[in-house]
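So, in structure tokens, the structure goes:
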């Protein structure tokens, strides 16, 4: 019995020693006949492998700091941020504290949601409040409550909040001292509301007002503050817009002035403004009552770089020439002559001789000839973007001149001009830096020359819009349902908007002629319906 136990013990020790020796010295080498490695010792086969279940209670984002998690949320869209905030309480807190921009529906029902909403989003710096045109908007009470909840507010946009009065704007100005940008549209408060904001918010730099309906009394002048930080003022569609004259003139740091469709005589005001604010860098004048007298006022703005003059029929070559002679730093010039034929070669030649740093030139409804075009192409060596729209004098000779002399040109837009395939062929060898060409409503230009231009110059994006007048008239006649004129372009001239050369698309236009005609017709009907709604609303 004892001997048997001894033998069994020695056999066990021998097997144990053999196991350790094998485990320490055995190495597997790949064999072509047996590509799979053998199972390691004391291991089960792959059929018997048991995987341990994952730890579902562990949060793998615990190691990510809140600041890094907030940066991740900032890179997401609005919908993804909302879904991420529902993952856990920590994500909800981080997402709420890191949200600095908020856009809300400003209907009257928002008042009840303000306390809970802004207790969650307590770091909002940019707020947009927009209300539908036919709905009742929030009033002074809601705006006052929002301003109390957003002490860090720097940018505010109000759209169609017609129930907000001067009282609400006063409370806003007192609670949000850090406001830097204010944009209002379709509002009913008046001069007092604007005056208290610009006086109580010393950091205010940008002011944009559109359709302010509270300026009715001639005594409603915007009172300027003692010290203004305003750098940009934009006024759109304001009746009695001249009431803003004192505010503009008393803003010594003003760099940008934009006036769109504002009533009043602006000649005298512009003289007063430019005399007190000579540091203007950017000026936009569109559909306002201004003449050469008002343009001459900008001769004191020697730092002027961007100048837009759109649909001002009282301005002539004399006014353009006076600006060009003094403002020699001009880089971007947009002129829409509105087919008045009062701005032409004389003014453009003066621009070419004095403004040699021009990089962007847009001419709409202006009729320059080879004289001014050649001078611009020869003198303005830095010209990179050029748009010629609605001109009766731009033809193949002018385009050939541009192709041979504009060596820096990158983007070219031609619309409704008298050019043909011959002018397009000149672009095949000229303008070595050209990257985009857009040709629209030039009936003498064919698809074949566009294909040839693409094949001859690799990397050049050519966008050609060719339409057949007969087919357009046929589509309009067959789809008319409201008794309108068959020619949609004649019926709705407002639909035609000139393109900025910087927005020239890089892809070719593959939409069929039939689809374009239908789209134009539908757009015309939508425009008419919108106009009728506006008229009924005003009545």
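Numbering (the working numbering), first residue to last: 3 to 541.
Just so it is clear, CB atoms sit at the ideal spot from N, CA and C, and this is done for glycine as well.
Item, Value
"Three-state secondary structure assigned by DSSP to residue 378", "helix"
"First and last residue of the uninterrupted beta strand (DSSP E) at residue 337", "334 to 338"
"Of the residues 133, 150 and 441, the one placed nearest residue 119, counting alpha carbons only", "150"
"Contact check, residue 98 vs residue 87, beta carbons under 9 Å", "yes"
"The beta strand (DSSP E) enclosing residue 59, as first and last residue numbers", "Element bounds for residue 59: n/a, residue is neither H nor E."
"Residue burial classification, residue 245 (beta-carbon count within 10 angstroms, cutoff 16)", "buried"
"Cβ pair residue 286, residue 312 closer than 9 Å", "yes"
"Residue 146 versus residue 72 - alpha carbon distance", "29 Å"
"Opposing strand residues paired with residue 236 [DSSP bridges]", "210 and 260"
"Same chain only: Cβ atoms within 6 Å of residue 133, ignoring 5 sequence neighbours per side", "108, 109, 139, 162 and 163"
"DSSP-derived helix/strand/coil call for residue 111", "coil"
"Own chain residues within Cβ distance below 7 Å of residue 299, not counting five before or after", "272, 273 and 276"
"Residue 133: first and last residue of the uninterrupted alpha helix (DSSP H) it sits in", "First-last for residue 133: undefined, no H or E at that position."
"Span separating the alpha-carbon of residue 402 from that of residue 231", "48 Å"
"Bridge-paired residues (DSSP) for residue 308", "284 and 334"
"Distance, residue 306 Cα to residue 173 Cα", "37 Å"
"6 Å Cβ shell around residue 241 - same chain, five flanking residues per side excluded", "265"
"Where the alpha helix (DSSP H) containing residue 74 begins and where it ends", "68 to 76"
"Nonlocal neighbours in the same chain, by C-beta distance under 8 Å from residue 257, ignoring five residues either side", "233, 234, 281, 282, 283 and 284"
"Sequence-distant residues of its chain with Cβ nearer than 8 Å to residue 511 (five each side left out)", "Here residue 511 scores only 44 on pLDDT, less than 50, and its place in the model is too uncertain to base an answer on."
"Proximal residues to residue 31 (C-beta, below 6 Å), its chain only, five neighbours per side dropped", "Low per-residue confidence applies at residue 31: pLDDT is 46, beneath 50, and the placement is therefore not dependable, though the value from the model is reported in the following sentence. Around residue 31: no qualifying Cβ."
"Buried/exposed call for residue 550, threshold 16 Cβ in 10 Å", "The question about residue 550 has no answer here: the residues shown for the chain are numbered 3 through 541."
"Cut-off 6 Å between Cβ atoms - residues of its own chain near residue 247, not counting five sequence neighbours on either side", "271"
"Which residues DSSP lists as bridging residue 366, in chain order", "338 and 391"
"Option in 192, 114 and 152 with minimal Cα separation from residue 126", "152"
"Pair within 9 Å by beta-carbon distance, residue 209 and residue 184", "yes"
"Own chain, CB closer than 7 Å to residue 410, minus 5 neighbours either side, in chain order", "383, 384, 385, 386 and 435"
"Start-to-end residues for the beta strand (DSSP E) that takes in residue 441", "438 to 442"
"Inter-residue spacing [alpha-carbon to alpha-carbon] between residue 122 and residue 131", "17 Å"
"DSSP three-state assignment for residue 184, whether helix, strand or coil", "strand"
"CB of residue 353 within 9 Å of CB of residue 360, strictly", "yes"
"Three-state secondary structure assigned by DSSP to residue 215", "coil"
"Three-state secondary structure (DSSP) of residue 424", "helix"
"Nearest-angstrom Cβ-Cβ length linking residue 335 and residue 363, presumed shorter than 8 Å", "5 Å"
"Under the three-state DSSP convention, the category residue 267 falls into", "strand"
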